[in-house]
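Reading through the structure tokens given below for one structure.
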Amino acid sequence: MVIATGIGSMPGDDQPAYDEALRVVLGELAPDRHGLPHLPEVPGRGAIASMTGRGLAVLADLDADLQPAGWRLTGTHGRSGVDHRRARSLLAQDLDALEEQAQGYAGAFKIQVAGPWTLATTVERPRGDKLLADHGARRELAQALAEGLRGHVADVRRRLPGVGRLVVQVDEPALAAVLDGVVPTASGFHRHRTVDLPEASQALEWVLEAIAETDAEPWVHSCASGVPWAMLRKAGARGLSADLATLAAADHDALAEALESGESVALGVVAALDPATRPTDGQLTESVLRWLDMLGLDPDGVGERLLVTPTCGLAGASPGWARRALALARATAAHVAG
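Per this note's numbering, residue 1 is the first one in the sequence shown, and the count goes up by one each step.
Here it is in structure tokens:
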């Protein structure tokens with residue numbers, strides 16, 4: 001049975017919008033409706049709810065504050081800025097809402113967190129410029145994220161005791177840019193040096209291994225092009241989440257190998273933004289079936305290892321389209337499953 005899930009983010013700019021996003025996700029992606037529900041993110045609530053703010057809220061033993069230029073580490077443990085404390089409080093508040101709305105929930109569930117390389121491109125060192133510029137800071141950040149995820153996963157399991165399969169999706173939209181050496185410096189006049197593949201892989205290994213050690217399933221998501229999918233599998237990813245439109249020939253091979261090895265592939269086919277012409281679930285089903293046929297894979301053989309998703313997060317969509325996108329993903333998954 002092919003299933004559907006969301007990438008993570010949903011539209012809205014206040015707490016009622018978050019509560020509504022949670023209701024939509026738990027309803028549209030219920031397990032008995034071919035779905036894998038997830039903890040929604042509503043970044044429209046501000047920096048503390050952004051991908052970076054959410055990631056910093058999970059870190060262990062590293063503190064940060066919010067500057068006019070963005071998030072910056074404080075350099076001293078125990079010196080968390082007020083906005084960092086607010087980010088942690090908001091995450092706890094959102095988990096409270098999940099616990100309340102999902103009472104008695106049993107089945108699989110997914111949570112998301114920004115990956116070490118995306119955080120390294122969006123957080124500054126105490127003295128300025130991105131963490132990406134400092135080898136030691138990059139290493140410390142990845143290890144702090146790994147340790148923080150152990151506690152975060154335990155907290156989610158405590159709140160949702162009926163969850164068996166727990167997926168932790170590591171979001172790495174900036175990974176390809178890091179490897180290509182195209183991330184701008186703080187001044188914008190230069191580019192950060194390319195990070196070599198072994199270092200990039202090692203940082204991800206720490207994070208993905210920490211997830212696996214909690215008996216959760218580590219995935220990596222990116223809707224960018226040029227993502228080294230084969231490297232991510234070697235680093236420990238047991239699920240790959242991609243936008244179908246961004247994939248090159250070699251990417252298709254890597255995803256096919258993942259499916260054939262019993263790992264998960266989440267294929268983004270539903271528009272993340274309100275489209276000028278809304279597709280039908282029949283059209284989306286055809287695109288997934290063509291992809292499987294190109295790879296020589298039988299739809300009946302992939303089962304729940306294949307998931308249908310929006311192409312990226314839905315934060316920029318209208319509330320109506322966000323709900324419709326998840327419904328289309330679910331209907332498409334059901335049709336692919338036959």
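Here a beta-carbon is modelled for each residue, glycine too, at the ideal position from N, C-alpha and C.
Predicted model only: the values in this text are computed from it and were never measured.
- S187 and G128 have their C-alpha atoms spaced approximately 10 Å apart.
- A272 and P310 have their C-alpha atoms roughly 6 Å apart.
- If you draw a 10 Å sphere on the C-beta of E100, you find fewer than 16 other C-beta atoms in it, and that means exposed.
- Taken through DSSP and simplified to helix, strand or coil, E199 comes out as helix.
- Using a Cβ distance threshold of 9 Å, Q169 and V113 count as a contacting pair.
- Between the alpha carbons of D253 and V42 lies a distance of about 34 Å.
- Taken through DSSP and simplified to helix, strand or coil, D155 comes out as helix.
- Secondary-structure assignment with DSSP links K234 through no beta bridge to anything.
- Across the structure, C312 and A322 are spaced so that their CA atoms are roughly 11 Å apart.
- The alpha-carbon separation between A106 and L36 amounts to approximately 11 Å.
- Just so you know, the alpha carbons of A258 and L307 end up roughly 13 Å apart.
- Judged by their CB atoms, G239 and V265 are nearer to each other than the 9 Å cut-off.
- Here S318 is exposed. Its C-beta has fewer than 16 other C-beta atoms within 10 Å.
- Each residue's CA atom was taken as its position, placing A4 and A30 some 9 Å apart.
- Closest option to A144, judged by alpha-carbon separation, among G115, K130, L160, V163: G115.
- The region 54-73 makes contact with the region 131-146: 3 or more CB pairs, one atom from each, lie closer than 8 Å.
- The beta-carbon distance between A242 and S261, rounded to whole angstroms, is 16 Å. This is too long to meet the 8 Å contact definition.
- Taking 9 Å as the cut-off, the beta carbon of A108 is found closer than this to the beta carbon of L166.
- Around the beta carbon of D32, fewer than 16 other beta carbons lie within 10 angstroms, which makes this residue exposed.
- The residue among T332, D196, A276, P275 with its C-alpha nearest the C-alpha of P299 is T332.
- Per DSSP, the unbroken beta strand (DSSP E) holding E217 starts and ends at 217-222.
- Beyond the five residues adjoining it in sequence on each side, A337 comes within less than 6 Å, by CB distance, of M1, V2 in the same chain, given in chain order.
- Taken through DSSP and simplified to helix, strand or coil, Q169 comes out as strand.
- Within the DSSP bridge table, the entry for S9 names E41 as partners.
- Sequence-distant Cβ neighbours of T185 in its own chain, meaning closer than 8 Å and more than five residues away, are D129, K130, A133, R191, H192.
- Assigned with DSSP and collapsed to three states, T74 falls in coil, not helix or strand.
- Just so you know, the alpha carbons of V163 and L175 end up roughly 30 Å apart.
- For T52, the closest of R88, E304, V288 by C-alpha to C-alpha distance is R88.
- Looking at the backbone, the Cα of Q93 and that of A57 are separated by about 12 Å.
- Nearest neighbour of P126 by Cα position, chosen from R79, I48, W219, L267, turns out to be R79.
- According to the DSSP secondary-structure assignment, Q67 is paired through a beta bridge with G70.
- Residue state for L297 is assigned as coil, using DSSP reduced to three classes.
- Under the criterion of beta carbons closer than 8 Å, M10 and L267 do not qualify as touching, at roughly 20 Å.
- For T311, the secondary structure class from DSSP, reduced to helix, strand or coil, is coil.
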